[in-house]
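Which chain is which? The protein sequence lines are P and B, in order. For what it's worth, numbering that gives the first Met the number 0 labels the leading residue of the first sequence as 0, then goes sequentially. For what it's worth, numbering that gives the first Met the number 0 labels the leading residue of the second sequence as 0, then goes sequentially. Notes for the one structure printed next.
Protein chains: 2
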Amino acid sequence: MSSGKAIHVLRIGHRLVRDDRSTTHVCLVARAFGAKKIYIFDGDPQVKKTIEDVNKRWGGEFEVGIVDDWRQIIKDWKRRGGIIVHLTMYGLRLDDVIDDVRKSSENILLVVGAEKVPKELYIKSDFNIAVGSQPHSEVAALAVFLDRFFRGEEFKQVYNHTQYRVIPSQKGKHVEKIT
Amino acid sequence: MSSGKAIHVLRIGHRLVRDDRSTTHVCLVARAFGAKKIYIFDGDPQVKKTIEDVNKRWGGEFEVGIVDDWRQIIKDWKRRGGIIVHLTMYGLRLDDVIDDVRKSSENILLVVGAEKVPKELYIKSDFNIAVGSQPHSEVAALAVFLDRFFRGEEFKQVYNHTQYRVIPSQKGKHVEKIT
Chain P
0 MSSGKAIHVL RIGHRLVRDD RSTTHVCLVA RAFGAKKIYI FDGDPQVKKT IEDVNKRWGG
60 EFEVGIVDDW RQIIKDWKRR GGIIVHLTMY GLRLDDVIDD VRKSSENILL VVGAEKVPKE
120 LYIKSDFNIA VGSQPHSEVA ALAVFLDRFF RGEEFKQVYN HTQYRVIPSQ KGKHVEKIT
Chain B
0 MSSGKAIHVL RIGHRLVRDD RSTTHVCLVA RAFGAKKIYI FDGDPQVKKT IEDVNKRWGG
60 EFEVGIVDDW RQIIKDWKRR GGIIVHLTMY GLRLDDVIDD VRKSSENILL VVGAEKVPKE
120 LYIKSDFNIA VGSQPHSEVA ALAVFLDRFF RGEEFKQVYN HTQYRVIPSQ KGKHVEKIT
């Protein structure tokens, strides 16, 4: 992407079976909206396989890591000079801080929780950012943050080593099989 | 919202228990991103109660309707001069068509499916639009479409009759209780 930034995503607070599907959506959004990698804490390892299958069919090198210590991921990220951005409805308004985030660092770790996240995450984050101050969805918050951050450039990404490619169509499904 | 358009959302293709949580997220996103109402086809009626509880605590008049004939909703919408916009990864690029959608009608029915949607929906829709041509999430597609459509104005909505209001904060949670 033209900005040259590397964004990784950390998914935490995933505790319930009902969150598995949301976690899959979080991964797919991270991949489709320009993040390079996602770390999943406490999630179903099956999700990793699902995303690897998507990579195989639809290309690209998006990575999934299953982690058992999210605090360590944050610590390592900071040590390497990256910043932590936590998406939460209680944070500062996206419009008010997105330019500051852009100026802060080349490397951003975007943290998205499920319903409850530990208080220390608010403290450890360089930015707590609200994609709207109403309850909605971490899947949506992640997508809108990345869309605003990359200014729509994320949809121009090229996915290497792909088996299929969509031909945008007015009606119906047109998919090109890459030989 | 300044544009004066009324956007309603129709959620179809919901067939599995695992989709209930995605449907709740679709509803919450519709509410938080400026739609007025959602119609849910074939979903868990419990979702309606969940959203009504959110309205009670966080305000506004967002409506949820449970429907047993989605084709009728589309027919009625068209008869009243509204347009149908279906979000799908196989559709035309968002960037290429969003201005045409804006010019087309005051009233938009935004249709979001789950994994599979019937072919006829592609035919019946005035616009099939891709929020990126990669697989991701209907929750994300809905959020990004609405954010682009309302150009961020959706976050300035005022929610009447609310019990709580978030005070955007750098660290932690600040919630004002409205008396």
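A virtual CB, placed ideally from N, CA and C, is assigned to each residue, including glycine.
I'd like the span of the beta strand (DSSP E) that includes A5 of chain B, first residue to last.
5 to 10
Helix, strand or coil: how does DSSP classify Y158 of chain P here?
coil
Alpha-carbon spacing of S1 of chain B relative to G33 of chain B, whole angstroms:
In this prediction, S1 of chain B has a pLDDT of 43, which is less than 50 and means its spatial position is unreliable; what the coordinates show is noted afterwards. Answer to the nearest angstrom: the Cα atoms are 11 Å apart.
Length-filtered (4 minimum) alpha helix (DSSP H) runs lying within the region 15 to 68 of chain P
Annotation note: the region 15 to 68 of chain P contains the following uninterrupted alpha helix (DSSP H) runs of length 4 or greater, listed N- to C-terminal: 18 to 31, 45 to 57.
Short CB-CB distance (under 8 Å) between S104 of chain P and chain B
Under the Cβ distance rule, S104 of chain P does not count among the residues neighbouring chain B, no pair being separated by less than 8 Å.
Which same chain residues end up closer than 7 Å to I97 of chain B when comparing Cβ atoms and leaving out the 5 residues on each side of it in sequence?
R147, F148
For G112 of chain P, which residues from the same chain have a beta carbon less than 6 Å from its beta carbon, with the 5 sequence-adjacent residues on both sides left out?
I11, G12
The region 135 to 155 of chain B in contact with the region 80 to 96 of chain P per 3-pair CB rule at 8 Å:
yes
E105 of chain B - DSSP class collapsed to helix/strand/coil
coil
Determine the extent of the alpha helix (DSSP H) in which V165 of chain B is found, giving its start and end residues.
Where V165 of chain B is concerned, there is no enclosing alpha helix (DSSP H), although the beta strand (DSSP E) it sits in stretches over 163 to 165.
Chain-ordered residues of the region 68 to 96 of chain P with a beta carbon less than 7 Å from chain B
M88, Y89, G90, L91, R92, D94
Just verifying my parser: in three-state terms, what is the DSSP assignment at I128 of chain B?
Of the three classes helix, strand and coil, the one that applies to I128 of chain B here is strand, per DSSP.
Classification of R30 of chain P by the beta-carbon crowding that lies within 10 angstroms, buried from 16 upward:
In the assembly as shown, R30 of chain P is a buried residue. Its beta-carbon has 16 or more other beta-carbons within 10 Å.
Please name the residue, chosen from B:Y121, B:L27, B:T23, that lies closest to D43 of chain B on a Cα-to-Cα basis.
B:T23
Sort B:Q133, B:D125, B:E119, B:I82 by Cα distance to E105 of chain B and report the nearest one.
When only C-alpha atoms are compared, the closest one is B:I82.
Check for me: the alpha helix (DSSP H) holding K118 of chain B runs from which residue to which?
118 to 123
Counted within 10 angstroms of its Cβ, other Cβ atoms place N159 of chain B as buried (16 or more) or exposed:
exposed
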